[in-house]
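Below is one structure; the comments refer to it alone.
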Amino acid sequence: MTTQADDIVIAGLARSAVGELWDVSLRDLAARVMRAAIADSGGLKPSAVYVGNMLASSASHQANLGALVCEYAGLTGAEGVTAEAAEASGGAALYLACNAVRSGMVDVALVVGVEKPTDVVDENLSAIIARSLDADYEASEGLTPVGQAALLLQRYLHENQFPREALAGFAMIAHANGTDNPKAMYRKPISETSYHRAGMVASPLNLFDVAPYADGAAAAVITRRGSLQKQAQENAVKVAGLSLVTDRLAIHDRIDPLFFEAAAVSVRQACQKARVTVADLDFFEYSDNTTLHAILSLEAAGFAPRGEGWKLASDGSLTRQGNLPVATMGGHKARGFPLGAAAVFQVVEAALQLRGEAGECQVSGARRGLVQTLGGTASTAVSIILENSAV
0 MTTQADDIVI AGLARSAVGE LWDVSLRDLA ARVMRAAIAD SGGLKPSAVY VGNMLASSAS
60 HQANLGALVC EYAGLTGAEG VTAEAAEASG GAALYLACNA VRSGMVDVAL VVGVEKPTDV
120 VDENLSAIIA RSLDADYEAS EGLTPVGQAA LLLQRYLHEN QFPREALAGF AMIAHANGTD
180 NPKAMYRKPI SETSYHRAGM VASPLNLFDV APYADGAAAA VITRRGSLQK QAQENAVKVA
240 GLSLVTDRLA IHDRIDPLFF EAAAVSVRQA CQKARVTVAD LDFFEYSDNT TLHAILSLEA
300 AGFAPRGEGW KLASDGSLTR QGNLPVATMG GHKARGFPLG AAAVFQVVEA ALQLRGEAGE
360 CQVSGARRGL VQTLGGTAST AVSIILENSA V
């Protein structure tokens, strides 16, 4: 029988600014947030470090990140390993860390997501990121994740018969929330007029429908609640439910390309572990890689019927004052999208909400939130339910 002392919790957290961080290296970026997260935990000493990263071996010409970041953070001798699951790499790293602590093999683990896509020029970056798709049948034909999302959105618009202009709310909500996030890449709201005037990236996705790739690092210290002092226990955020699920990699092999099956199953499993339903969630940090991802994530999680997720962006439901606040600190769209590190940013942002430390981004009364991160076109999905001590 488990007790509250056995709860897996986030005891410390930190994040960098997100953007084009030319003045800091990959290793220093990771080390800074690792040290800050450890300090935020009250000085807990991690014995294992899990790195979420997608690009470093190609974009930064650096592999073996576990050893590298441990060295630069002053943790040489700790276990160190990199988790790779495309854009869901940070979620996979958190999954490994939580399971290591839950198993009893590790007392204190540290998760760090770090990414430096600006280490390469745009043309090469697109080819590298396309490796998250099926290399033999998709990427080899020139398809990229954004191109694939555009094709799926074309089909979604056709099947559900609504104008693409109705999509504006997703970007507008993200940018409105990002305005209040001091770490965000873009801190200006956008108008509906600005959205409609934006140039196309891959029709029907325009500039405001696609999250910008950016540099950044975030970290979280994972342990058991019983390992903390009483005051620290009250501030710790519980990892109440956690699930990682995969789907067929190539879209053409899926039964229904317009349904994110792995995302749906992972939310269902995370809710079962947390003993809650989606109706019990106070906010949703979804994976808005593109507007298509945002819509299908809402439907997969059960917040909207199939074919109706797009409606939520125009009825006020998704704002910070709505029934289901999303992308509360700007999401990937306004905060910036540090790819393999993005999930750790999502978790840190959700934990700040639950600690009541989100500043102007705070969701009033937030006690429980859902984080979901997607790798590829939802070929990997990690869903995480977090709770504060008020639950």
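Every letter in the sequence shown is one number past the one before it in numbering that gives the first Met the number 0, and letter 181, counting from 1, is 180.
The beta carbon of each residue, even a glycine, is placed where N, CA and C say it ideally should be.
Within the model, the alpha-carbon separation for Val111 versus Val209 is close to 25 angstroms. Annotation: Val8 to Thr117 spans about 33 angstroms, alpha carbon to alpha carbon. Per the coordinates, the alpha-carbon of Asn387 lies some 7 angstroms from the alpha-carbon of Ala235. With a cutoff of 8 angstroms on beta-carbon distance, Gly240 and Ala262 are scored as not near each other. With fewer than three CB-CB distances shorter than 8 angstroms, the segment 246-259 does not count as touching the segment 344-354. Sequence-distant Cβ neighbours of Leu227 in its own chain, meaning closer than 7 angstroms and more than five residues away, are Ala10, Ala235. Asp287 carries a coil assignment under DSSP once its states are collapsed to helix, strand and coil. A residue is called buried once 16 or more other Cβ atoms fall within 10 Å of its Cβ, and Trp21, having fewer, is exposed. Distances from the CA of Met328 to each of Leu351, Trp309, Asn322 were compared; the closest alpha carbon is that of Leu351. Val370 has its alpha-carbon roughly 21 angstroms from the corresponding atom of Ser131. At the C-beta level, Thr372 and Gly90 come within 8 angstroms of one another.
In this structure, Val119 sits away from Ala47, with a CB-CB distance that is not shorter than 8 angstroms. In the structure shown, Glu114 falls within a strand segment according to DSSP collapsed to helix, strand and coil. Taking the Cα of Asn205 as reference, the smallest distance to any Cα among Asp179, Ala173, Ala149, Thr178 is reached at Ala149. In the three-state scheme derived from DSSP, where H, G and I count as helix and E and B as strand, Asp179 is classed as coil. The beta strand (DSSP E) runs lying completely inside the segment 243-294 and spanning 3 residues or more are 282-284, given in chain order. When only Cα atoms are considered, Ile254 and Arg247 end up about 9 angstroms apart. About 4 angstroms separates the beta carbon of Gly308 from that of Ile294, a gap short enough to meet the 8 angstroms contact definition.
About 4 angstroms separates the Cβ atoms of Ala92 and Tyr49, confirming a contact at the 8 angstroms cut-off. By the neighbour-count criterion, in which a residue is buried when 16 or more other Cβ atoms sit within 10 angstroms of its Cβ, Lys332 is buried.
Shown here for Pro211: same chain residues with a beta carbon closer than 7 angstroms to its own, the five before and five after excluded, namely Met184, Gly335, Phe336 in chain order. Excluding the 5 residues flanking it on each side, Cys97 has same chain C-beta neighbours closer than 7 angstroms at Ile7, Ile221, Val238, Leu241, in chain order. Per the C-alpha coordinates, the member of Lys44, Glu83, Val105 positioned closest to Ala55 is Glu83. Here Val244 is not near Gly301, since their CB atoms are 8 angstroms or more apart. In this chain, Gln160 is not harboured by any alpha helix (DSSP H), its DSSP state being neither H nor E.
Less than 8 angstroms divides the Cβ of Leu338 from the Cβ of Met53. Membership of Gly90 in the alpha helix (DSSP H) is indicated by the continuous run 88-102.
Between Ala13 and Ala218, the C-beta spacing is below 8 angstroms. For Glu19, there is no enclosing alpha helix (DSSP H), as DSSP marks it with neither H nor E. If only complete runs of 4 or more residues are kept, the segment 329-367 shows the alpha helix (DSSP H) at 330-334, 341-353, in order along the chain. For Gln147, the number of other beta carbons within 10 angstroms of its own is at least 16, and it is reported as buried. Between the beta-carbon of Leu28 and that of Ala216 there is about 4 angstroms, and that keeps the pair under the 8 angstroms contact cut. In this structure, the alpha-carbon of Glu359 lies about 10 angstroms from that of Arg319.
With contacts defined by Cβ atoms closer than 8 angstroms, Ile189 and Ala170 form a contacting pair.
The Cβ neighbour count for His157, taken over all protein chains shown within 10 Å, is under 16; the residue is labelled exposed. Selection Gly65, Leu124, Val145 evaluated against Gly79 yields Gly65 as nearest (Cα-Cα).
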